Amino acid sequence: MNSLRPSVVIITHERPDYLKSALQSVLAQTVQPFEIIIVNDCSETDYQPVMAEFSEYDIDYVRLNSKSGANTARNVGVAKATGDVVCFLDDDDVWLENFLEVHESVYRGDSEVEAIICGHRIMGSASKVNINSATRVTAQALRYGNRFSGMSGFSAKRSILLKNLFDTELKNGQDWDLFVRLVQANTQFINLPRVLFLYRKGTPNGITEEVKKMSASNVNARLRSAHKHRKWLGEKLYKRRMAEQILSYLPNKSKKFTWIQKSIELAGVKATIQTLASKVFHRLQQYF
């Protein structure tokens, strides 16, 4: 690919201050984007003061008329993009200054590459990182969940995304679902085992916080991505994914035993025990 025009899509909801930091990180890139598209998912908070600070830049700002969710917002961004590659950024994360440069160099170096994901570091920490050592995103890896990063580390050729838009029926697991569909379509999907963005944990209105507050009686909404790919996963890994989804953030949830009972009910005893044992093991690893 001799020429590369990266479109940046930032989705936001009720977090103008975080958006400001995200946008600053895009404008500070060593390789500048072809275009910046901000999709506001019908926030009630006034974004005008923040956007006014960037009035000198040619930014395409879109506010949806009704709250539609992150997946719809991303699809709107893809539809509006005119670049060759679409790079995604959530409003509460920030890119390192060489994010676009590194992604661009990979696309330029191999015209067969169609999608890229990279690692991240937890914002405010010098040591907490999520880096997968693999160089490709494979079906085998994804059958055990998303062991890669989320959408703020992801880019893909627009032509690929137009064939594989985000599933607007999913409230969570949308990154894993998209990655699964990409590998099912034999997409040349590269993983970069290095940190290229900072991930902010515990932000208000985020999916993580919603999961922590979720009632066990409403867990089926969280399991839709697992149900969708049940055949592809196989029964054993399907049950394991259900257990992992049900028991995620267990230390932060109230009525922990209710959640464990729900996991046993839906995923079975074996998958529940395996998932709990894995969580204990990973927690112990932090101390050694």
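In full-length UniProt numbering, the protein residues as written are 1 to 288.
Note that beta-carbon positions come from the ideal geometry of N, C-alpha and C, so glycine has one too.
None of these values were measured; they are calculated from a predicted model.
Item	Value
Does the separation of the CB atoms of I11 and D41 fall below 8 Å?	yes
Check whether the region 114 to 125 touches the region 42 to 58, counting contact only when three or more Cβ pairs, one atom from each stretch, lie closer than 8 Å.	no
Write down every uninterrupted run of the beta strand (DSSP E) in the region 169 to 253 whose length is 3 residues or greater and which is fully enclosed by it, in chain order.	189 to 199
What residue ranges within the UniProt domain "Glycosyltransferase 2-like" (7 to 136) form continuous alpha helix (DSSP H) runs of no fewer than 4 residues, ordered along the chain?	16 to 27, 48 to 52, 70 to 80 and 99 to 109
Judging by CA-CA distance, which residue of D167, T45 and K262 is the nearest neighbour of G69?	D167
Return the CA-CA distance between T274 and K239, expressed in angstroms with no decimal places.	The sequence as given places Gln at residue 274; Thr does not occur at that position. Distance between the alpha carbons of Q274 and K239 is about 11 Å.
Does the pairing of the region 187 to 196 with the region 214 to 221 give three or more beta-carbon distances under 8 Å?	no
What is the DSSP secondary structure of S263, counted as helix, strand or coil?	helix
How many angstroms separate the CA atom of V129 from the CA atom of H120?	6 Å
Among R15, H13 and L96, whose alpha-carbon lies nearest the alpha-carbon of A28?	L96
Assuming the contact rule is C-beta atoms closer than 8 Å, C87 and S25 should be a hit. Round their C-beta distance to whole Å, please.	That belief does not hold up - the Cβ atoms of C87 and S25 are roughly 12 Å apart, past 8 Å.
Using only CA atoms, which one of S248, R136, L178 and Y18 lies nearest to L106?	Looking at the sequence shown, residue 106 is not Leu but Val. The shortest Cα separation from V106 among S248, R136, L178 and Y18 belongs to R136.
Taking E14 as the reference, which of E35, V78 and V50 has the closest Cα?	V50
Of the residues N252, K256 and A243, which one's Cα is nearest the Cα of V269?	A243
Can you list, in chain order, the residues of its chain whose CB lies under 6 Å from that of A221, leaving out five sequence neighbours each side?	K171
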